[in-house]
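Asks: Below: one structure in structure tokens.
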Amino acid sequence: MPILLVLCLFGLNLFAQNNELKPINEVNDNNPITDSIPNLALEADSLSSINDSIPQKSAGLGIDAEVQYTAKDSIILSNGNPEKGESRRVFLYGEAEVKYLDITLTAACIELDLDSSLTYAYGIQDTAGVVTGLPVFTDNKGSYEMKTIKYNFKSEKALIEHVVTEQGEGYVVSSLAKKSPDDSFSIKDGHYSTCDNHEHPHFYLNMTKAKVIPGKKTITGPAYLVIEDIPIYPIGIPFGFVPTTSSYSSGIIMPSYGEEQSRGLFLRDGGYYWAASDYFDLAVTGDIYANKSWGIRGASKYKKRYSFSGNLSTNFITNIYSEEDLPDYRKTKDFSLMWSHRQDAKANPYQTFSASVNYSSSSYDQNNVSSIVDPNKLATNTKRSSISYSRRFDKVGFNFSANLLASQNTRDTTVSFTAPDLTLTMNRKFPFKQKNKVGSKESWYEKLSLSYTGNVKNYINTKEYELGDKAFPQDWQNGVKHSVPVSLNLKMLKYFTLTPSFNYTERWYTKSTTKEWDEDLEEIVVADTTSGFKRVYDYSYSVSTSTKFYTFYTPWKKLFGDKVDKIRHVMTPSASLSYRPDFGDEKFGYYDWFEYYDPQQDSIIRHDYSMYEGSLYGTPGRGKSGSLGLSLANTLEMKVKSQRDSTGFKKVKLIEGLNFSTSHNFMADSLKWSRINMSGRTKILGTNINFGATFDPYAIDTTYNGAPIRINTSHYKSTGQLARLESANLNFGISIGSEKIKKWMEKRRGEGDDETNEEEEEEEDDYESPLDRIDNVEDEFADTRGQKKATVLDDGYTKFEFPWNLSLNYSFRMVNGDFDKEKMAFKKKVTSDINLNGDFSLTPKWKFSFSSGYNFDRKEISHTNLRISRDLHCWGMSFNLVPVGRYKSYYFSLNVNSSILQDLKYDKRSSARDNAGF
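To convert, take the position in the sequence shown, counting from 1, and add 250; that gives our numbering.
So this is what it looks like as structure tokens:
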């Protein structure tokens, strides 16, 4: 036979070091083959590939499919001696691999018995006692690692020592297991754990006996918990069932239990999860308390690839306080609705649909307090919701949008709805622009442009408890508005831009009102409401111009040194002149009047009013208006020498913006000047500073009943001061940290990249809410749990790292308060607060974070939150504390990180509801 001749030529010794796959059923030699130099890896034989031109089925093998094998080190064939009971064997050494159908077995060493269909695989122990090349058995159900395995190709059964199978988020480890033909495992004295340290897991559920069906479930008999090799027999179960399906499936959600002083014993978050399809799911959970308080929640997620995705959740809770028949007994009912819908950008480039709904009863956030108080919810008084649809018609240049809007103030229970809000806009058109024009120069009339905006809206603003009594559309404000702006952009005297414009606005209403004096109530009341189509229009003319002035200063070197080259001041003045006719004239029919006798003044008073007062889009202005608007914007920059910049200089902004604006109405009979507004922004040592103020140029007097009123006398003439301060604001925030200081030091040493540093400085300008940082720290900690390791230096010592972040934010507001008649001035009402938050890590496993503040107006500490987290590899420990305030509480938790064992935990908490006066 060909194989026998080859073996004789090579002295019956065969060594192989290639990765070619060999069929076992091609081996057909009765002469024994032995290795003359055992345990030594020889060079590859050029004729080591054994191929029979006519493959034959091995006698006694009992299998029809081809078995392929390979080894990196050597392959030894032994025909054995049948008379002595020795069977034919193949020995594979060094990254050995055997394939049969969809089964793959790899190990450092593999022995194949050709007569009994058995294979035996094991690893190799080195001089340090470390076993490498452990067998890995892979089939269509998964991959399993073990110490040794005996597998029968014919019966598809196996006896395995120390098998490790990954089932979902957990691992099943057994010292001895038997594999059945259906790929299930029967194990004895095994353990189940989510810890990936298989040799010495930090915890596991010791199973006296169990059966594992890969990809489906794990069933166990009596089992008990073991933590750090200490068995805890009292925490045991008579049997267990762990589903391990690869796809999500429906099932019961087990509730958590506990006790509160105010509501008693409870079961929370228990319910059912429905895996409806690949496109959406639904979870329904509920709470129940001993004092008859209860709650129910529904949550669903949906997604269609390349089309849309979103989530929807709704909550309803009923809270009972105290006992019936007691004076402090009360019952509250609250609900919330949250919906987020996003359309994929690839779905349709011309139309979009989106939703962002966050609506709830006003007291929902206050009454629905969980174990961990969310400071963001407590600091939010306004909630906004929107459902939007938009469509572009590029061929005709129109855009359409439809919106449903809602806004609520949880502090005063005010709610407002806009349903619907329809808008149609036309892109700016240039009607006189020539299409087939020769040359690039345009005539002045070709720059004339116009556009159109149409809006239809229904709107209501009321209290939450009055919303159900409002009739639609009678009690809603509604109307249609058309706007047509026409403008012309011209260049004048090379440095000036001149923009004349004309604006036409028309409003359509469905009702108007008339008013009268009620002698019984002694006040002005609505006498009648007239329904019907009402057309209200107005128009105005304006012209504006602007330019820029650049001023350069050479600084005094004795004060600024040689590094400062120039200082540049940029001023951007702008002026606008506008005219609007008197739409209070009787010919327009927008205004009416009546006279009444006022006994307090003992005179006849004429009262003028608009018949469309309080309408959705307002009413045209009364009285002629010829107004001059003035504004001035300033920036101040410094040019400094820099060796790291390619130009040799870099720009430093001293004042990023300092703006002033006011206006003067030539046609007003009094109070022609408007208030003066000032705003500014700068950055000092990385700290963003924003400030602003409002000034009034007129003096104050009082009416007959002592109410303050502006008079047509300048404040300078009355008091000698240029203007009267009405309001002011100041806020700044500084954020520092170990990473920021490290980059700053690198920049000082010339190690950093200037472009990168400039981009980082721009990103730092984006404001981050102090209340968000504490949550971001927890998210970052969760993402790196079990991954972050200490850095070891070349000298063998651990590098000490102390990452930390600290931010400070201060805000100051001053407005007019009560009026002082003696001083003829308003008392100033000042409100200010400061917020401090930060985080630090003593070790890669510990995280500390905090957030607090102080309100100087109320002289009290704002919501304070302290958090401590510890990464325990497969476990996690956290402690949350609110030390002061209405929501004073704590929550300690020690739990398994894996969600499949989320109920394996220990927690201790106090509830904010148990505080006095909650």
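Cβ atoms here follow ideal geometry from the backbone N, Cα and C, with glycine treated the same way.
If you drop the 5 nearest sequence neighbours on each side, which residues of the same chain put their C-beta closer than 7 angstroms to that of ASN1026?
Replies: Annotation note: pLDDT 47 at ASN1026 (below 50); position unreliable, no value reported.
Asks: Quick one: which unbroken beta strand (DSSP E) runs of 3-plus residues sit fully inside the region 1124-1150? Chain order, please.
Replies: Listed in chain order, they are 1125-1132 and 1139-1146.
Asks: Under 8 angstroms, with one C-beta from each stretch per pair, do the region 433-442 and the region 481-489 reach the 3-pair mark?
Replies: no
Asks: Using the Cα positions of GLY508 and TYR522, report the straight-line distance between them to the nearest angstrom.
Replies: 20 angstroms
Asks: Is the distance from the Cβ of ASP578 to the Cβ of ILE567 below 9 angstroms?
Replies: No, they are not a contact pair.
Asks: Roughly how many whole angstroms lie between the Cα atoms of LYS874 and GLU836?
Replies: 14 angstroms
Asks: Report yes or no: do the region 332-342 and the region 355-366 share at least 3 C-beta pairs separated by less than 8 angstroms?
Replies: yes
Asks: Who pairs with ASP835 in a beta bridge, going by DSSP?
Replies: Note: ASP835 sits in no beta bridge, so no partner.
Asks: With a Cβ-Cβ cutoff of 9 angstroms, do SER424 and LYS407 count as a contact?
Replies: no
Asks: Rounded to a whole number of angstroms, what is the C-alpha to C-alpha distance between ALA918 and LEU866?
Replies: 26 angstroms
Asks: Starting from the Cα of LYS707, find the closest Cα among ASP662, ILE502 and GLY868 and give me that residue.
Replies: GLY868
Asks: Rounded to whole angstroms, what is the Cα-Cα separation between VAL814 and LEU935?
Replies: 17 angstroms
Asks: Less than 9 angstroms separating the beta-carbons of ASP1157 and MET504?
Replies: no
Asks: Indicate the three-state DSSP secondary structure (helix, strand or coil) for PHE810 in the structure shown.
Replies: helix
Asks: Out of LEU587, TYR401, LYS1071 and ASN541, which has the shortest C-alpha to C-alpha gap to ASN569?
Replies: ASN541
Asks: Taking the alpha-carbon of LEU562 as reference, which of GLU887, ARG555, LEU587 and PHE387 has the nearest alpha-carbon?
Replies: LEU587
Asks: Which class does ASN927 belong to by DSSP, given the choice of helix, strand or coil?
Replies: strand
Asks: Cα-Cα, which of ASN884, THR885, LEU904 and THR764 is closest to TRP843?
Replies: THR764
Asks: Less than 6 angstroms between C-beta atoms, sequence neighbours within five positions excluded: which residues of the same chain meet that for ILE961?
Replies: Cβ contact annotation for ILE961 (same chain, cutoff 6 angstroms, sequence separation greater than five): ALA949 and ASP951, in chain order.
Asks: Reducing DSSP to helix, strand and coil, say where TYR715 ends up.
Replies: helix
Asks: Name the DSSP beta bridge partners of VAL793, please?
Replies: PRO750 and LEU827
Asks: Less than 6 angstroms between C-beta atoms, sequence neighbours within five positions excluded: which residues of the same chain meet that for ASN909?
Replies: ALA883 and SER929
Asks: Going by beta carbon distance, what residues of the same chain come within less than 7 angstroms of VAL462, once the five residues before and after it are set aside?
Replies: THR415, GLN417, VAL422, SER434, PHE435, ILE437 and THR468
Asks: How many angstroms separate the CA atom of LEU355 from the CA atom of LEU327?
Replies: 19 angstroms
Asks: Just list the beta strand (DSSP E) runs in the region 611-684, keeping only unbroken ones of 3 residues or longer that don't cross its boundaries, in chain order.
Replies: Counting whole runs of 3 or more residues, the region 611-684 contains the beta strand (DSSP E) stretches 632-643, 648-659 and 664-679.
Asks: I'd like the span of the beta strand (DSSP E) that includes VAL1102, first residue to last.
Replies: What sits at residue 1102 in the sequence shown is Ser, not Val. From DSSP, the beta strand (DSSP E) with SER1102 extends over 1096-1105.
Asks: Please give me, in chain order, every unbroken run of the alpha helix (DSSP H) with length at least 4 that falls completely inside the region 388-431.
Replies: none
Asks: Out of PRO849, MET861, ILE817 and SER826, point me to the one whose CA is closest to GLU887's CA.
Replies: ILE817
Asks: In the DSSP assignment, what residue or residues form a beta bridge with TYR609?
Replies: Under the DSSP definition of a beta bridge, TYR609 partners with LEU587.
Asks: Put VAL853 into one of helix, strand or coil per three-state DSSP.
Replies: In the sequence under discussion, the amino acid at residue 853 is Ser, which differs from the Val named in the question. Of the three classes helix, strand and coil, the one that applies to SER853 here is strand, per DSSP.
Asks: Roughly how many angstroms separate the alpha carbons of THR755 and TYR702, rounded to a whole number?
Replies: 10 angstroms
Asks: Give every residue of the same chain whose Cβ lies closer than 6 angstroms to the Cβ of LEU368, excluding the five residues on either side of it in the sequence, and list them in chain order.
Replies: ASN402
Asks: Could you tell me the boundaries of the beta strand (DSSP E) in which SER968 lies?
Replies: Per DSSP, SER968 belongs to no beta strand (DSSP E); it is in the alpha helix (DSSP H), 965-969.
Asks: Count the other CB atoms within 10 Å of the CB of ASP537; is the residue buried (16 or more) or exposed (fewer)?
Replies: buried
Asks: Return the chain-ordered ranges of every beta strand (DSSP E) run that is complete within the region 517-599 and spans a minimum of 3 residues.
Replies: Complete beta strand (DSSP E) runs here, min 3: 532-539, 544-554, 558-571 and 580-593.
Asks: Based on Cα-Cα distance, which residue from LEU1151, ASN940 and SER920 lies nearest to ILE959?
Replies: SER920
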